[in-house]
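Asker: The structure that follows is given in the form of structure tokens.
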Amino acid sequence: MTLNSWQFLVLATSAVLVLPRLSGWPRVATALAVNLIFAWSYWGMAAMAVALGYIAAGYVCARVVRTRGGAALVLGLVALTTAFLYLRGYRLDGWTGPGAAPTLLAFTGISFLFFKMVHVVVDAASGSIDRVTLGSYLNYCLNFTTVLMGPIQRYQDFVAQENAPEAASLEDHVDAVNRVLRGLLKSFVLAPFIAPYVLAPGRPIESMGGGTLLLATYGFYVFLYLDFSGYCDTMIGIARLMGLRLPENFDLPFLSRNVSEYWLRVHRSLTLWLTDYIFTPVYLWALHSRGLRARVFLALAGSLMLTMFVAGVWHGTTPNFAVFGLVHGLALVAVRGYEQLMVRKLGRARFREITGMPGVRAAATALTYNFTSLAYTFFVLDLGESMRVFRRLAVALAGAS
Amino acid sequence: MTVRVRIAVKLVWMAALVGMLILFGQVNHVFVYQAF
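Going down the list, the protein sequences come from chains A and B. 107 is the number of the first residue of the first sequence in the working numbering; add one for each residue after it. 1230 is the number of the first residue of the second sequence in the working numbering; add one for each residue after it.
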């Protein structure tokens, strides 16, 4: 059931017309029926059974950790993570061989589901989530506006909105429909229009001109933005029509002036998840550890690198995704180091004044765009092809100079 | 600009978007993030 099909139009329209008029268990049951139909259309029966089993395991963990404490939390997280790694198809031999393929049991959206379930289990253990009810939990995990590719909403927000959907004016509805259409235009008209020209596996890299290859690399970033932000616009608009307010995922990423800002403008809901559940706990642990207590920058750098490694391998099972994350981790460490150095040398006020100058802003934006575009090479190509791209670009650059 | 005028402008834009989708949006497209 693709988003530009009449089946999806019928399903989404039915949900938008019916759900806001319901409350209590009829709303929960109807939403669940809609969500299951959508999930089944992508997963089929076998993967659906696996997905529901995995979701049920998350529910059991969330209930158990509330009463059993720390040991149960660790056991639950280890079990959910192990199951995720197996289902998603991570294999150590895939890192040295031709590349790991997802298992037959993998299903679309499993990575997003994993992060959502970890959030529920951790927050249930900490008491941030008061109560996990089966109906709301299933609808949270399977919500058809987030199940495929996010945005990664928080359980507390979802439940609050499900129980008391936001009222919307006529203009809000018009805005939401326009956002749905704008998203579909990005995903199904603009992204496919530029797709033939952007970096993709199997391109004849060595026979491409340096300029063409660089444009293809720049183009992939634009393509991914149109593809993913278009999907997010569509789903956020539909959710709005149902009274739900999903978190925003994009905020003009091409204007980012450093990599740190880039991660707050691209896939923001993932960045916030990583901050809350990887970076902050690891950084706090490092600051309290005996070895790193006196080395604050080392603690920060290590925490950033680990967080971005997780971000990388979360995206895919092959080594190129790990490199994608680590390259971004190094860039984040460099940004933090540079900021600290400049603040120490110039003072905070002077540094802020310099970075606010139009020329400096433009140069920083161009540098960030170039770095993030080139880093996407590791996102779209395997390591071998990525290195061929960089070699070809280096040769073209040497020839031009 | 009154609310009615704003809504009218947005409806015209909406019609244009629908037109573009009907004309150019009937394509097979698999989202990149669907792999995750």
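C-beta: ideal position from N, C-alpha, C; glycine also.
Is the shortest distance between the beta-carbon of A:His225 and the beta-carbons of chain B less than 8 Å?
Answerer: A:His225 does not count as touching chain B.
Asker: Identify, in the order they occur along the chain, each residue of the same chain with its Cβ nearer than 6 Å to the Cβ of A:Val433, setting aside the five sequence neighbours on each side.
Answerer: Excluding residues within five positions, the ones whose Cβ falls inside 6 Å are Ala481.
Asker: Within this structure, are the beta carbons of A:Val227 and A:Val171 separated by less than 8 Å?
Answerer: Contact: yes.
Asker: Using Cβ-Cβ distances below 9 Å, what residues of the segment 1249 to 1263 of chain B are close to chain A?
Answerer: Under the 9 Å Cβ criterion, the segment 1249 to 1263 of chain B contributes Met1249, Leu1250, Leu1252, Phe1253, Gly1254, Gln1255, Val1256, Asn1257, His1258, Val1259, Phe1260, Val1261, Tyr1262 and Gln1263.
Asker: Determine the direct distance from the alpha carbon of A:Ala306 to that of A:Glu491, and round the result to whole angstroms.
Answerer: Roughly 10 Å between the two C-alpha positions.
Asker: In the DSSP assignment, the alpha helix (DSSP H) including B:Ala1264 goes from what residue to what residue?
Answerer: No alpha helix (DSSP H) holds B:Ala1264; DSSP gives it neither H nor E.
Asker: For the segment 1232 to 1245 of chain B, enumerate the residues whose C-beta is nearer than 7 Å to any C-beta of chain A, in chain order.
Answerer: Here the close residues are Val1232, Arg1235, Ile1236, Lys1239, Leu1240, Trp1242 and Met1243.
Asker: Quick one: Cα of A:Leu321 to Cα of A:Leu219, how far?
Answerer: Approximately 34 Å, taken between the alpha carbons.
Asker: Residues of the segment 329 to 352 of chain A in Cβ contact with chain B at a cutoff of 9 Å, in chain order, please.
Answerer: Going along the segment 329 to 352 of chain A in chain order, one finds Phe329, Leu330, Asp333, Phe334, Gly336 and Tyr337 with a Cβ nearer than 9 Å to chain B.
Asker: With contact counted as at least three CB pairs below 8 Å, one residue from each stretch, are the segment 384 to 391 of chain A and the segment 401 to 412 of chain A in contact?
Answerer: Because the criterion of three Cβ pairs below 8 Å is met, the segment 384 to 391 of chain A and the segment 401 to 412 of chain A touch.
Asker: Taking three-plus beta-carbon pairs below 8 Å as touching, is the segment 359 to 379 of chain A in contact with the segment 466 to 483 of chain A?
Answerer: The answer is yes - the segment 466 to 483 of chain A touches the segment 359 to 379 of chain A, with three or more Cβ pairs under 8 Å.
Asker: Would you say A:Met154 reaches chain D, if we count a Cβ-Cβ gap shorter than 8 Å as a contact?
Answerer: Among the protein chains of the structure shown, namely A and B, there is no chain D.
Asker: Less than 8 Å between CB atoms is the rule here; does A:Thr424 satisfy it with respect to chain B?
Answerer: Chain B, which has no Cβ nearer than 8 Å to the Cβ of A:Thr424, makes this no.
Asker: Under a three-way DSSP split, which group does A:Gly150 fall into?
Answerer: Reduced to three states, the DSSP call for A:Gly150 is helix.
Asker: Looking only at C-alpha atoms, which of A:Leu290, A:Ser395 and A:Arg374 sits nearest to A:Leu352?
Answerer: When only C-alpha atoms are compared, the closest one is A:Arg374.
Asker: Under 8 Å, do A:Phe356 and A:Cys338 count as touching if we go by C-beta distance?
Answerer: The answer is yes: Cβ separation under 8 Å.
Asker: Could you give the DSSP three-state label for B:Gln1255: helix, strand or coil?
Answerer: The answer is coil: DSSP assigns B:Gln1255 none of H, G, I, E or B.
Asker: Cutting at 7 Å between CB atoms, please list the residues of its own chain near A:Ser242, excluding the five before and the five after it.
Answerer: These residues qualify, in order along the chain: Val134, Val265 and Glu268.
Asker: Using beta-carbon positions only, say whether A:Gln259 and A:Ile235 come within less than 8 Å of one another.
Answerer: No, the Cβ-Cβ distance between A:Gln259 and A:Ile235 is not below 8 Å.
Asker: Report the neighbours of A:Phe297 on chain B: residues whose CB is nearer than 7 Å to its CB, in chain order.
Answerer: Residue identity check: residue 297 of chain A is Ala in the sequence provided, not Phe. Those within 7 Å of A:Ala297 in chain B are His1258.
Asker: By Cβ distance below 6 Å, which residues in the same chain neighbour A:Leu248 in space, the five residues on each side in sequence not counted?
Answerer: Closer than 6 Å at Cβ, skipping near neighbours: Asn141 and Ala145.
Asker: Can a CB atom of chain B be found closer than 8 Å to the CB of A:Met107?
Answerer: It does not: the Cβ of A:Met107 has no partner Cβ on chain B nearer than 8 Å.
Asker: Under 9 Å Cβ-Cβ, which residues of chain B neighbour A:Leu291?
Answerer: Under the 9 Å cutoff, chain B gives Leu1246, Met1249, Leu1250, Phe1253 and Gly1254.
Asker: Sorted by chain position, which residues of the same chain lie with C-beta nearer than 7 Å to A:Gly130's C-beta, five sequence neighbours on each side aside?
Answerer: Within the same chain, A:Gly130 has no close Cβ partners at all.
Asker: How long is the line joining the alpha carbons of A:Leu358 and A:Thr483, rounded to whole angstroms?
Answerer: Looking at the two C-alpha atoms, the distance is approximately 21 Å.
Asker: Within the continuous alpha helix (DSSP H) that includes A:His373, where are the two ends?
Answerer: Element bounds for A:His373: n/a, residue is neither H nor E.
Asker: Which residues in chain B sit within 9 Å of A:Asp281, going by Cβ to Cβ distance?
Answerer: Those are Lys1239, listed as they occur along chain B.
Asker: Mind checking A:Val304: buried by the 16 CB within 10 Å criterion, or exposed?
Answerer: When all chains shown are included, A:Val304 counts as buried.
Asker: Taking the alpha carbon of A:Ala440 as the point to measure from, which residue in A:Ala407, A:Leu393 and A:Gly465 has its own alpha carbon closest?
Answerer: Nearest C-alpha to A:Ala440: A:Ala407.
Asker: Any beta carbon of chain B sitting closer than 8 Å to that of A:His421?
Answerer: True, the Cβ-Cβ gap to chain B drops below 8 Å.
Asker: Closest by CA to A:Val166, which one among A:Leu186, A:Ala155 and A:Trp149?
Answerer: Checked all of A:Leu186, A:Ala155 and A:Trp149; the closest Cα to A:Val166 is A:Leu186.
Asker: Can you find the residues in the same chain that come closer than 6 Å, C-beta to C-beta, to A:Ala153, ignoring five residues on each side of it along the sequence?
Answerer: These residues qualify, in order along the chain: Phe213.
Asker: Less than 8 Å between the beta carbons of A:Leu193 and A:Tyr160, yes or no?
Answerer: Yes.
Asker: Counting Cβ pairs closer than 8 Å, one from the segment 282 to 302 of chain A and one from the segment 329 to 345 of chain A, do we hit at least three?
Answerer: Counting Cβ pairs under 8 Å, three or more are found: they touch.
Asker: How is A:Pro271 classed by DSSP in three states: helix, strand or coil?
Answerer: Here A:Pro271 sits in coil by DSSP.
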